[in-house]
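Protein chains in written order, with our numbering: chain A, 16 to 498; chain B, 8 to 505. Ideal placement from N, C-alpha and C gives every residue a C-beta, glycine not left out.
Below you can see the structure in the form of C-alpha cells.
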C-alpha cells in the first residue's frame with residue numbers, strides 16, 4: 016500500500032473505495048511496529064481505539080453518509096495534548112500514570128471531522144527543550160539519519176510524519192517546538208497566531224506563548240487541519256472570536272499567483288554569529304529569486320535580535336514556574352512517599368521533574384521574586400511590548416517576513432555538547448513569532464550540501480492573517496522552488 | 008441630611024498621662040451569590056458530600072484553563088455602585104503563588120494591582136452621628152478548598168467543593184477606631200451585600216470572613232503603630248472581643264517599653280486572648296504576576312449603566328424617603344430598610360393604603376412577631392399578602408372595625424392563610440363596629456346589673472373602676488364596640504342612675 020500524498024488524495028481514495036479506513040490504520044500501525052523501536056517517536060500507540068474509530072468511519076461509508084472532512088485521516092498527537100481516557104504525561108515522570116479526563120478542544124474538532132488518533136508522541140518534558148533529549152522516554156532519532164537529533168520539543172511528532180508513521184501530527188509550539196523539528200526532519204511545521212487555536216487541553220508550559228501547531232508532509236494538510244481546529248472556544252478566554260477563513264481553498268485559487276508580494280527580512284539575522292553559511296546562502300538565494308520574480312524584498316532594521324532570546328527565557332520560565340506549581344503529588348500523577356507535607360512536596364517535585372524543567376522552574380521563580388521582578392520580568396514585558404509595536408509597524412508595510420527557521424542544521428544525538436548559551440540561542444529565529452503572537456511556518460525547501468539533511472525557510476505574516484501565510488507558502492512552492 | 012463626623016475613641020491607659028488611639032482597617036471576604044464557580048461552570052454546592060462539586064478545572068488538571076464567570080463581574084459592579092466607588096475601565100487578574108494542599112493550582116487567581124472596584128465609602132452610625140468609612144478597594148478572587156486535619160491522627164483530608172468559589176474581598180482604609188464602629192461597619196456592609204443580592208453574608212456560615220488589622224498609637228502623634236492582623240474571627244461578638252483584648256495587649260507592651268511585632272494572630276474565645284499564628288507562608292514571596300489565561304477585563308460605561316439601572320434603591324436612600332416624605336420615625340424607617348424582603352413588602356403595601364404609620368407599626372409589631380415565632384426570616388414568606396394587610400389597616404383606620412377585632416379576630420385567620428379578605432371575614436363574623444347606641448346602652452345596663460357592688464363603690468368615688476366596666480362591655484360586644492363610645496355611655500348610664 017502506498018500512503019496518500021495528502022488529505023485531498025486520501026479523501027479521493029476513500030471515495031473511490033481504493034482502501035478503507037481500517038486498511039489505512041493498519042498500514043500506519045504496521046509502519047509504527049516496524050520503525051518505532053528505533054525512532055522512539057511514539058510513546059503510546061492506541062491500536063484498539065484507532066481501529067474502533069476506523070471501523071465506525073467505514074460503517075459510515077457503507078451507509079452512504081457524506082464523508083467528513085478528515086474522514087479516516089490518521090493523526091498522532093504530542094504527549095502534551097489531552098485525549099480523554101488516554102495517557103497524558105508531558106514526557107515527565109511527574110505525570111506517571113495520568114490519564115486525561117477530557118479531550119483538548121482542537122483535537123475534539125478533528126475527531127468530530129473523522130480524524131483517527133493513532134497514538135501519543137515523544138517530546139521534551141513539558142515542551143522544554145529543542146533536541147527531544149529532556150524526555151522520560153529518551154531521545155527521538157531523526158528518520159533521515161538516525162545519528163541526528165529530531166529537534167524538539169515536538170521531536171516525536173515531526174519524526175512520525177517524516178517517517179510516514181501517521182499522516183499529520185499535532186505538536187505544540189512555545190518558542191519553535193513545531194517549526195524547528197519540522198526544519199530538521201524535512202516537513203512542514205506551522206504555528207498559528209496566538210489565540211487562533213484553543214489551548215484548552217494543551218498542557219501549559221508558558222501560557223502567553225503556547226499554541227497547538229500542525230506538522231505534515233504537505234501544505235494542503237496544514238491548511239485543512241488548521242481551518243478545522245481554529246476558532247473561538249468558550250473554554251479558552253484567550254481564544255480569538257475572529258472568523259476563520261477556509262485556508263485550504265486558498266491553495267486552489269489561481270489568481271493568487273499573480274500577486275506581487277512585499278516582503279521584509281532582518282539584516283541582523285543574516286549577520287548572526289551562529290548562522291551557518293550554507294543556510295544563509297540558500298535563504299539569500301530565495302530572496303534573490305523573489306526579487307527576480309518582481310516582488311519587493313527589503314531589509315528592515317531590527318534592533319531587538321540580542322534581546323529576544325533573553326526575554327523569551329525570562330518570560331517563559333516565569334510562566335512555567337507558575338503553570339507547573341500544580342504538580343505537587345496531591346491530586347494526580349507521581350507522588351513520592353514522605354512523612355511530612357513539606358517533604359512530600361520536595362521529594363515529589365525533585366524526583367518527578369527532569370533537570371531541564373527544574374532549571375527553568377528555578378529561573379522562573381527567580382525572575383518573579385519581588386526582589387528581581389522589576390529588573391527581569393517587568394523589563395522583559397516592556398521589551399515584548401516594543402517588539403510588538405515594531406512588528407505591527409513592519410506589517411503595516413509588508414505582507415510577510417522571511418528568515419531561516421534554525422541557524423544550524425540538525426546536530427548529532429551523541430557527543431553533541433553545546434554550552435547553555437549556544438543551546439538557547441539556537442531558538443533565536445523561532446521565538447520571535449511566539450513573543451509577538453504572529454503565525455509562522457517552516458517550509459522544507461532546502462538540503463545541506465555536506466550531508467543532504469533537509470532544512471526550511473520560515474515565513475511569517477501579521478496576526479490572524481493565516482490566509483496570506485498559506486497563499487504565500489503556496490506561491491513559494493509553486494513558483495520559487497521551481498526557479 | 009446626614010452629617011459626617013470624624014470620631015476618635017480615645018482610650019486612657021493605666022499609665023495615667025498617655026492617651027492611645029486605636030486604628031483599625033478591615034479585610035472582609037464575602038462569598039458571592041452565584042450558581043457557578045468563578046472560573047468554571049461547576050455548580051456551587053458547599054453543603055454537599057466532600058469532593059462532589061468539582062471538575063478537572065477546579066482541580067487544576069493538566070490542560071485546563073480558567074473561564075471567567077461574567078455574572079461575578081456584575082455582582083462586583085453592583086456592590087461597587089452601592090458603595091459609591093469608582094469603577095476602572097480595565098481591571099485584571101493576577102496569580103498569587105504558595106503551596107498548600109487545598110490550593111489546587113499552586114496559585115490563587117486574585118486581583119492585585121488593578122482591582123475591579125476602587126475607593127468608595129459606607130456610612131455607619133456612631134454615637135455622635137454618621138461616619139464615612141472609606142474603602143481602599145474591592146476585588147474578586149477564587150476561594151481555596153478545605154484541609155481537614157482532625158478526622159484522622161495519621162492523615163489530612165481535603166475537600167475541594169469550595170475551591171474556585173467566587174469571593175469578593177473588600178479592604179477598608181485604616182479609618183475605624185473602635186470595636187463599636189467595626190461592628191456597625193460589618194453590619195452595614197452585610198446589609199448592603201444582602202440588599203443587593205450580592206452575598207448571603209452569613210458570618211457564622213463562613214460566607215463572610217473578616218480579618219482585622221489593628222494598631223495603636225499615641226494620640227499626640229500621626230505616626231501609625233505596628234499593625235497586627237487578627238484572623239479567623241467568626242462572629243461580630245468575637246471580633247469585638249478580639250479587638251478589645253488585642254488593643255489592651257498592645258498598650259501593655261508599649262507601657263512596658265516593649266516593641267509590637269508585626270504578625271498574624273488568632274483569637275481564643277474561651278481564654279479571651281489572642282495568640283500568634285506564626286504561619287510560615289506569611290513570610291512567603293507570592294511572586295504575583297498577571298494571569299496570562301484571562302485577558303484584562305474591560306468594563307464599558309454602557310455596562311456600568313446597565314447594572315446601575317437594575318440596581319434597587321439603596322437602603323439609605325429609601326430610609327430618607329420614609330422619614331422625610333412618609334414621615335415615619337427613624338426607628339421605623341431603619342427596620343423597614345433592614346432587608347429587601349421587609350422593604351419590598353412595605354413598598355407593595357403602601358400602594359394599597361395611605362396609612363403609612365399604622366402599616367409600619369403592624370409590620371414591625373404583630374406581623375414580625377408572628378414570623379419570628381414561626382422562625383420565618385423573610386417577609387416574602389409571610390402568609391398575609393401586603394395588599395391584604397393594607398385592607399385590614401384601611402378597615403381599622405376608617406373605624407369600620409376596632410383594633411381589637413383586627414388583631415384578635417381577623418389577623419389570626421389571615422395568618423392561617425384564609426382565602427377570605429378582611430372585609431369578607433368581618434361581614435361573615437359580623438365584626439363591624441357596633442354604633443347602634445340603643446344596643447350599646449342595653450349592653451352597658453346588662454353589665455352594670457351584674458356588678459352592683461362595684462357600681463356602689465364607683466359612686467362612692469372609686470372612679471378608676473370605669474376601666475373594669477368598659478372592659479366588660481367590650482367583652483360582651485365581642486370587641487365590636489368602639490371603646491370611646493362605651494366610656495361615654497357608661498358615664499351617661501352611671502350618672503343617670505342614683
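Proximity test, Cβ basis, 9 Å: residue i and chain A
i: residue 169 (chain B); result: no
i: residue 74 (chain B); result: yes
i: residue 524 (chain B); result: Examination of residue 524 (chain B) is not possible in this model, given that chain B is present from 8 through 505 alone.
i: residue 162 (chain B); result: no
i: residue 153 (chain B); result: no
i: residue 27 (chain B); result: no
i: residue 70 (chain B); result: yes
Listed by chain order, chain A residues near residue i by CB distance under 7 Å
i: residue 113 (chain B); result: 340, 341 and 343
i: residue 57 (chain B); result: Within 7 Å Cβ-Cβ: nothing; residue 57 (chain B) doesn't reach chain A, min ~14 Å.
i: residue 300 (chain B); result: 222, 252 and 253
i: residue 32 (chain B); result: Here the premise fails: no neighbours, minimum Cβ distance about 22 Å.
i: residue 63 (chain B); result: 116 and 117
Where residue i falls, given that 16 or more other Cβ within 10 Å makes a residue buried
i: residue 276 (chain B); result: exposed
i: residue 16 (chain A); result: exposed
i: residue 282 (chain A); result: exposed
i: residue 294 (chain A); result: buried
i: residue 244 (chain A); result: buried
i: residue 214 (chain A); result: buried
i: residue 166 (chain A); result: buried
i: residue 10 (chain B); result: In this prediction, residue 10 (chain B) has a pLDDT of 44, which is less than 50 and means its spatial position is unreliable; what the coordinates show is noted afterwards. Burial call: exposed.
i: residue 242 (chain B); result: exposed
i: residue 265 (chain B); result: exposed
Amino acids of chain B, ordered along the chain, whose beta-carbon sits closer than 7 Å to that of residue i
i: residue 383 (chain A); result: 294 and 296
Interface residues of chain A facing residue i [CB-CB closer than 8 Å]
i: residue 254 (chain B); result: Those within 8 Å of residue 254 (chain B) in chain A number zero; the least Cβ separation is about 31 Å.
i: residue 66 (chain B); result: 346 and 347
i: residue 303 (chain B); result: Per Cβ cutoff of 8 Å: no residues; residue 303 (chain B) is ~11 Å from chain A at best.
Closer than 9 Å to chain B by CB, residue i
i: residue 222 (chain A); result: yes
i: residue 1 (chain A); result: In the structure displayed, chain A extends from 16 to 498; residue 1 (chain A) sits before or after that span and is not available.
i: residue 7 (chain A); result: Only positions 16 to 498 of chain A appear in the structure, and residue 7 (chain A) is not among them; the question remains open.
i: residue 479 (chain A); result: no
i: residue 360 (chain A); result: yes
i: residue 400 (chain A); result: no
i: residue 440 (chain A); result: no
i: residue 136 (chain A); result: no
i: residue 78 (chain A); result: no
i: residue 388 (chain A); result: yes
i: residue 333 (chain A); result: yes
Residue i Cβ short of 8 Å to the ligand MN heavy atom set
i: residue 237 (chain B); result: With respect to the ligand MN, the structure offers nothing, as it holds no ligand at all.
Neighbouring residues, chain A, relative to residue i (Cβ below 9 Å)
i: residue 264 (chain B); result: Within 9 Å Cβ-Cβ: nothing; residue 264 (chain B) doesn't reach chain A, min ~33 Å.
i: residue 104 (chain B); result: 336, 337, 340, 380 and 383
Proximal chain B residues relative to residue i, where beta-carbon distance stays under 8 Å
i: residue 392 (chain A); result: 296
i: residue 97 (chain A); result: 69 and 70
i: residue 62 (chain A); result: Result: empty, since nearest Cβ-Cβ is about 24 Å, beyond 8 Å.
i: residue 56 (chain A); result: Ordered by position in chain B, no residue passes the 8 Å Cβ test against residue 56 (chain A), which lies about 22 Å from the chain.
Cross-chain neighbours of residue i in chain B, by beta carbon under 9 Å
i: residue 356 (chain A); result: 106, 107, 108 and 163
Open item on the list: Give me the subset of the segment 205-218 of chain A whose CB atoms are less than 7 Å from a CB atom of chain B, sorted by chain position.
Closed with: 214, 215, 216, 217 and 218
TODO: Would you list, in chain order, the members of the segment 150-177 of chain A that have their beta-carbon closer than 9 Å to a beta-carbon of chain B?
DONE: none
Open item on the list: Does the segment 84-94 of chain A come into contact with the segment 64-75 of chain A, if we say contact requires no fewer than three beta-carbon pairs (one atom in each stretch) closer than 8 Å?
Closed with: yes
TODO: Residues of the segment 108-132 of chain A with a CB closer than 9 Å to any CB of chain B: list them in chain order, please.
DONE: 110, 113, 115, 116, 117 and 119
Task: Touch test, the segment 245-257 of chain B against the segment 188-206 of chain B, Cβ-Cβ under 8 Å, three pairs minimum - done: yes
- [ ] Indicate whether the contact test is met: 3 or more Cβ pairs, each with one atom in the segment 412-427 of chain B and one in the segment 495-503 of chain B, closer than 8 Å.
- [x] Contact between the segment 412-427 of chain B and the segment 495-503 of chain B is absent, because fewer than three Cβ pairs lie under 8 Å.
Task: Inter-stretch contact at 8 Å, needing at least 3 Cβ pairs: the segment 145-156 of chain A / the segment 407-420 of chain A - done: no
Open item on the list: Would the segment 80-92 of chain B count as touching the segment 122-131 of chain B if we require 3 or more Cβ pairs under 8 Å?
Closed with: yes
Task: At least 3 beta-carbon pairs within less than 8 Å: the segment 195-207 of chain B vs the segment 37-47 of chain B - done: yes
- [ ] May I ask you to list, following chain order, the residues of the segment 181-207 of chain A that have a beta carbon less than 9 Å from some beta carbon of chain B?
- [x] none
Open item on the list: Quick test of the definition: if touching needs 3 or more C-beta pairs under 8 Å, does the segment 474-482 of chain B touch the segment 441-456 of chain B?
Closed with: yes
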